[in-house]
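Letter by letter, the sequence shown follows residues 9 to 273 of the numbering used here.
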Amino acid sequence: MYHKNLSAQELYVRRQKHTKIVIRVVQLAILFSFLILWEVSASLGWIDSFIFSSPSKLYICFRSLLASGDLTGHIGITLLETLVSFALVILTTLVITVLLWLNKPLSKIIEPYLVVLNSLPKSALAPLLIVWLGANYKTIILTGMSVAIFGSILNLYTGFMETSPDKIKLIRALHGNTAHVLFKVVLPANIPNLFSIMKVNIGLCLVGVIIGEFIGSKQGLGYMIIYGSQVFKLDWIILSILILCVIAMLLYFLLGRLEHRFTCE
């Protein structure tokens, strides 16, 4: 009787909320089941706790590193380098894409080179950057940028070129200039595409920063992973990987909230 008094829209909203709750519960159940199975397997000797560690050992390791102050410093360095490289990638992508859109002959000349550079294995490029520019945070930021920048330009430029030609013709018919076309049609039409690129890039920049820290850094989570492998502190390695997963999830979530705010306005 109660459901009959609800409108179709209200029923739809209730179903959507119920579905979201069920999804979250299942996700958390999978996570906690995995952690419990991991802990039990290590405690009963089903797996080697020295190699695979366990949630309880990782918690003790986390508290120890947090108390010493080392962990916060490593997390802060990696996060800072990731955010700076991400911001520079987005800014550079927008500038270069606009220039290519404004100059079609230039885009035809440069596009094959962008494709080649995007296909290069960035892990092989990182050692060269370290040798050329030195082992410092600027080089690590540049390494993070190199992983994402070329693909971002190609994807955003494709979006620019696929913008509705009818809308562009309408602006031209109303005596609009190129700036009007860019800011009134092309950029607004590509906001969803830009956020999709940003969601991919935040993870790629994090990967690039970690690659740089592997090779030429004495700070950061990448350094912790390499150092842990050298001195057989496997708890450090697994803990660093888990922290990287949490950082990636949080950054992706924040971008999702930002996208929701912009696209719903």
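Here a beta-carbon is modelled for each residue, glycine too, at the ideal position from N, C-alpha and C.
Residue environment, residue i, which counts as buried when at least 16 other CB atoms sit within 10 Å
i      : result
MET9   : Summary for MET9: the model assigns pLDDT 45, below 50, so the residue's position carries little reliability, and this model does not support an answer.
GLY81  : exposed
ALA50  : buried
THR271 : exposed
LYS177 : exposed
LYS130 : buried
VAL4   : Absent from the structure is residue 4, since the part of the chain shown begins at 9 and ends at 273.
ALA134 : buried
VAL21  : exposed
TRP140 : exposed
VAL124 : exposed
GLY142 : exposed
PHE168 : buried
THR151 : buried
GLU170 : exposed
Rounded separation between residue i and residue j - CA only
i      : j      : result
ILE179 : MET206 : 28 Å
TYR260 : ASN209 : 10 Å
GLY280 : MET257 : Since the first and last residues shown for the chain are 9 and 273, residue 280 lies out of range.
ILE223 : GLY216 : 11 Å
GLU89  : ILE148 : 7 Å
LEU136 : PHE203 : 31 Å
ALA95  : PHE158 : 15 Å
LEU45  : LYS146 : 42 Å
ASN126 : CYS213 : 14 Å
ILE234 : ILE245 : 8 Å
LYS175 : LEU182 : 11 Å
LEU66  : ASP243 : 6 Å
VAL30  : ILE199 : 31 Å
VAL33  : TRP54  : 28 Å
GLY236 : SER225 : 14 Å
SER76  : CYS69  : 11 Å
ILE218 : LEU91  : 13 Å
LEU43  : TYR121 : 46 Å
LEU190 : ASN163 : 17 Å
ASN185 : THR101 : 23 Å
GLN227 : ILE251 : 15 Å
MET232 : LYS28  : 37 Å
SER15  : VAL106 : 47 Å
First through last residue of the alpha helix (DSSP H) which encompasses residue i
i      : result
HIS183 : HIS183 -> no alpha helix (DSSP H), and no H or E assigned at all.
ALA132 : 130-141
GLY167 : 145-169
ASP56  : Neither: ASP56 is in no alpha helix (DSSP H) and is coded neither H nor E.
LEU84  : The amino acid occupying residue 84 in the given sequence is Gly; Leu does not appear at that position. Its alpha helix (DSSP H) spans residues 78-110.
SER62  : From DSSP, SER62 is part of no alpha helix (DSSP H); its letter is neither H nor E.
SER49  : 16-51
Heavy atom of the ligand SAM within 7 Å of residue i beta-carbon
i      : result
GLU170 : By its list of ligands, the structure shown contains no ligand whatsoever, and the ligand SAM lies outside what it can speak to.
Interface flag, residue i vs chain C, CB-CB below 8 Å
i     : result
SER72 : Considering every chain present, this structure includes no chain C. It has just one protein chain.
| query | Which whole runs of the beta strand (DSSP E) in the segment 164-252 are 3 residues long or more, in chain order? | reply | none
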